[in-house]
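Protein chains in written order, with the working numbering: chain A, 1 to 155; chain B, 1001 to 1122. Every residue, glycine too, gets a C-beta built ideally from N, C-alpha and C.
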Amino acid sequence: MTPARMVLEESAPSNLSRRHVDFKTKVLTMFVVFANVFGNFCLSWGMKHQAPVLANSPLVYIQTIFSPWVLLGTTVLVVWLLSRMTLLSWADLSYVLPVTSIGYVITAFVGRYFFGEQISWQRWLGTFAIMMGTILVGLTTPNTTSHSASDELAK
Amino acid sequence: MKWLMVGLIVGSTVLADLLQSFEMKRHGEVEVRDLHPTRVGGMLAGLARRGLLILAVFFMAISFFAFMKLLSVADLSFAVPVTAASVVIETILARLVLKEQVSLMRWAGALCVAAGVALLAV
């Protein structure tokens, strides 16, 4: 992209740009959530079905890391880490954290249906509270610090 | 052992997230075009030169291994939610250290998440 085009994009009508920034933040947030859930699922599947109970020996750790499901889970979690770092360059930590907590809810469902873990009514209530928290924070403006896009738009 | 791992996970996660958020804000917004497969390497090389980010990854590694250990002794639907205790601690520190504007709605949201976590750990 040429510098001239970047300048043009930055001087676009502010409400349109703001919506664009919010939209890309939300899309990446969803990606971060699903990468986290899928990565944890693979890891847990690998730990339950392939790995021996972890001893304190480093060799057993290394052996476990190279089992297929654990390897896949680890790879997905590396992608998750990088996408989350990108998200943190776009949005506040106090926005990213509660909003990505919706992943806990999805993980609870995954635990219920794939691992047959028992989920008590307290856990369902907890799940509901996390969802409410995610919705509340999701309604706020993603970036409030000085490097934010909103500051650039205000210029 | 279970709760020792939970403590280790929460402590190192809090440090990792604060360092990451601080350093990524200092780095500036990652552009979508930098995520293209041909350019992502250069972007990562730039990030790898940031000391605090390396420290953050180190804390994430501690958190990750402690989490693996926890998964081998506890249910996934216990292990994942209980580590979310870091949400409230991190929101407080985001306000105090990172100087983010935490609105009433965000506090309410963070508290809802924390309450949810407490219930999940019952």
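What do you get for residue i, buried or exposed, if any count of 16 or more other CB atoms within 10 angstroms of its CB means buried?
| i | result |
| --- | --- |
| Arg1106 of chain B | buried |
| Leu1119 of chain B | buried |
| Leu1178 of chain B | Any question about residue 1178 of chain B goes unanswered here, given that chain B covers just 1001 to 1122. |
| Thr1091 of chain B | buried |
| Phe1078 of chain B | buried |
| Lys1069 of chain B | buried |
| Leu1097 of chain B | In the sequence as presented, Leu is not what sits at residue 1097 of chain B; that position holds Val. By the 10 Å Cβ count, Val1097 of chain B comes out exposed. |
| Val1014 of chain B | buried |
Is the Cβ-Cβ distance between residue i and residue j less than 7 Å?
| i | j | result |
| --- | --- | --- |
| Val1102 of chain B | Arg1095 of chain B | yes |
| Ser101 of chain A | Ile65 of chain A | no |
| Thr25 of chain A | Pro98 of chain A | no |
| Val79 of chain A | Ala35 of chain A | yes |
| Val60 of chain A | Gly1109 of chain B | no |
| Ala1056 of chain B | Leu1019 of chain B | yes |
| Thr127 of chain A | Val105 of chain A | yes |
| Gly133 of chain A | Val1113 of chain B | yes |
| Val37 of chain A | Gly111 of chain A | no |
| Thr144 of chain A | Asp92 of chain A | yes |
| Arg84 of chain A | Val27 of chain A | no |
| Glu1100 of chain B | Ser94 of chain A | yes |
| Trp124 of chain A | Glu1029 of chain B | no |
Please report the distance separating the alpha-carbon of residue i from that of residue j.
| i | j | result |
| --- | --- | --- |
| Gly116 of chain A | Val70 of chain A | 20 Å |
| Gln118 of chain A | Phe1067 of chain B | 20 Å |
| Leu87 of chain A | Ile1009 of chain B | 22 Å |
| Glu1023 of chain B | Phe1058 of chain B | 14 Å |
| Gly39 of chain A | Ala108 of chain A | 14 Å |
| Leu1035 of chain B | Lys1025 of chain B | 17 Å |
| Arg1033 of chain B | Leu82 of chain A | 15 Å |
| Gly1116 of chain B | Val1082 of chain B | 9 Å |
| Leu1044 of chain B | His1027 of chain B | 12 Å |
| Ala1048 of chain B | Ala1016 of chain B | 15 Å |
| Gly1046 of chain B | Pro1037 of chain B | 15 Å |
| Met1001 of chain B | Ile1062 of chain B | 15 Å |
| Ala1005 of chain B | Asp1075 of chain B | At residue 1005 of chain B the sequence reads Met, which differs from the Ala that was named. Met1005 of chain B and Asp1075 of chain B: Cα-Cα distance of roughly 14 Å. |
Contact set between the segment 1082-1094 of chain B and chain A, restricted to residues whose Cβ is under 7 Å from the partner: If the cut-off is 7 Å between Cβ atoms, the segment 1082-1094 of chain B has Ala1084, Val1087, Glu1090, Thr1091, Ala1094 near chain A.
Length at least 4, wholly inside the segment 88-136 of chain A: the alpha helix (DSSP H) runs in chain order: DSSP runs (the alpha helix (DSSP H)) wholly in the segment 88-136 of chain A: 93-100, 102-114.
Where in the segment 1031-1076 of chain B do unbroken runs of the alpha helix (DSSP H), each at least 4 residues long, occur, reported from the N-terminal end onward? Taken in chain order, the complete alpha helix (DSSP H) segments of 4 or more residues contained in the segment 1031-1076 of chain B are 1040-1048, 1051-1073.
Quick one, which residues of the segment 18-42 of chain A are near chain B if we go by CB-CB under 7 Å, in chain order? The residues in question are Lys24, Asn40.
Report the residues of the segment 1005-1031 of chain B with a CB closer than 9 Å to any CB of chain A, ordered along the chain. For the segment 1005-1031 of chain B, the set of positions with a beta-carbon nearer than 9 Å to some beta-carbon of chain A reads Asp1017, Leu1018, Gln1020, Ser1021, Phe1022, Glu1023, Met1024, Lys1025, Arg1026, His1027, Gly1028, Glu1029, Val1030, Glu1031 in chain order.
Between the segment 61-87 of chain A and chain B, which residues of the former have CB atoms less than 9 Å from a CB of the latter, in chain order? Listed by position, the residues of the segment 61-87 of chain A near chain B (Cβ gap below 9 Å) are Tyr61, Thr64, Ile65, Val70, Thr74, Leu77, Leu81, Leu82, Ser83, Arg84, Met85, Thr86, Leu87.
Scan the segment 35-78 of chain A and note each continuous alpha helix (DSSP H) run of 4 residues or more that stays entirely inside, going in chain order. The DSSP assignment places 58-65 as complete runs of the alpha helix (DSSP H) inside the segment 35-78 of chain A, in order along the chain (cut-off: 4 residues).
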